[in-house]
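Under the working numbering, the sequence shown has 27 at position 26, and the numbering climbs by one with no breaks.
In this text, a Cβ means the ideal position worked out from N, Cα and C, and glycines have one as well.
Inspection log for the structure reproduced underneath, given as C-alpha cells.
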Amino acid sequence: SEVELLVDIHMLRDVSGAVELGRGLEALGVTWLEAPTAPEDVRGHAEIARALDMQVATGEWLRTVWEWRQWVEGRAFDVAMPDIARTGLSEGKRIASLCDAYNLPIAPHVGGGGILSVAASVHYSAAIPNFMILEHSHLGHALKGRIARSYPEPTEGVFLLDETPGLGVEIDEEAVATYAV
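As C-alpha cells, this is what we get:
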C-alpha cells in the first residue's frame, strides 16, 4: 500500500525558505508541509499556502476560535491542526465548526500532552465532521503503561472507540503517586 509523507519543519524557515523547501518536497510527492514558519506570521503562512500545490498544515499553538478566525479567513493554511490539550474539547469543537464552514479539514495535533491528550484527541476526532487524520507518536508517552491500566491504542493505524465511560483511560492512582515530586 502507498504511504503518504507529511513533513513537519517546526517553524524553522522564513517564508521564502519554506516555499523553496516546499517545492522541493512537492517534487518528491510529499503530501503536506506542517508549521512552515513563525507561529505569529498569519500573512507569511498564507503566502506559503498560496505558493505551494501541497497542503500547508498548521495551528498547534492557537488556543481559541478567535485566534483561529484570522487564520481561517486569511486562508493561511489548508489543514487545521488544533491541539486539544491546549484548546480543550469545547473550544476544539468550536474551531472545527469554524473550519467546517470554510471546508477546511482538521488533523488534530497531539504533542507531549500524554495519554489523556491522546484520548481526548481520539474522541474529538470521532465527534467532528471534518476530521482528516490524527497525529500520533508511540514514542512520546513512555509512562502510559506505568500509570494507566487502560488507554486508547491504535491497531493497524486506527483507534477504535469502545463503550468505556469518559475518555477510555483508567489511571492507576498508586502508580501516579510514585512519580509525585
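Cutting at 7 Å between CB atoms, please list the residues of its own chain near residue i, excluding the five before and the five after it.
{"i": "Ile-116", "result": "His-142, Lys-145, Ala-149, Tyr-152 and Val-170"}
{"i": "Phe-78", "result": "His-46, Ala-50, Val-57, Ala-58, Thr-59, Gly-60 and Trp-72"}
{"i": "Leu-168", "result": "Leu-117, Ala-120, Ala-121 and His-124"}
{"i": "Val-16", "result": "Thr-38, Gly-45, Glu-48 and Ile-49"}
Taking the straight line between their C-alpha atoms, what separation do you get for residue i and residue j?
{"i": "Glu-48", "j": "Ser-138", "result": "30 Å"}
{"i": "Leu-105", "j": "Val-177", "result": "39 Å"}
{"i": "Glu-41", "j": "Trp-62", "result": "9 Å"}
{"i": "Thr-65", "j": "Glu-136", "result": "20 Å"}
{"i": "Gly-75", "j": "Phe-132", "result": "21 Å"}
{"i": "Gly-158", "j": "Ala-108", "result": "15 Å"}
{"i": "Leu-53", "j": "Pro-166", "result": "43 Å"}
{"i": "Ile-10", "j": "Ile-134", "result": "18 Å"}
{"i": "Tyr-180", "j": "Lys-94", "result": "33 Å"}
{"i": "Glu-3", "j": "Glu-154", "result": "23 Å"}
Below 8 Å on the Cβ atoms is my guess for residue i versus residue j; work out the distance and round it to an integer in Å.
{"i": "Ile-96", "j": "Ala-81", "result": "7 Å"}
{"i": "Val-8", "j": "Glu-35", "result": "7 Å"}
{"i": "Ala-14", "j": "Leu-22", "result": "According to the sequence as given, residue 14 is Arg; it is not Ala. Indeed, because the Cβ distance is near 6 Å, the residues count as touching under 8 Å."}
{"i": "Asp-101", "j": "Pro-130", "result": "6 Å"}
For residue i, which three-state DSSP category applies?
{"i": "Asp-101", "result": "helix"}
{"i": "Trp-62", "result": "coil"}
{"i": "Thr-179", "result": "coil"}
{"i": "Arg-150", "result": "strand"}
{"i": "Ile-172", "result": "strand"}
Below 6 Å CB to CB, which residues in the same chain sit around residue i once its five sequence neighbours on both sides are set aside?
{"i": "Ala-19", "result": "Pro-37, Thr-38 and Ile-49"}
{"i": "Tyr-103", "result": "Val-73"}
Name the two residues that bound the continuous alpha helix (DSSP H) containing residue i.
{"i": "Val-43", "result": "43 to 52"}
To which residues of the same chain is residue i closer than 8 Å at the C-beta, ignoring the five residues directly before and after it?
{"i": "Ile-1", "result": "Residue 1 is absent from the structure shown; the chain starts at 2 and stops at 182."}
Determine, using beta carbons only, whether residue i comes closer than 8 Å to chain C.
{"i": "Pro-106", "result": "This model lacks chain C altogether; it includes just one protein chain."}
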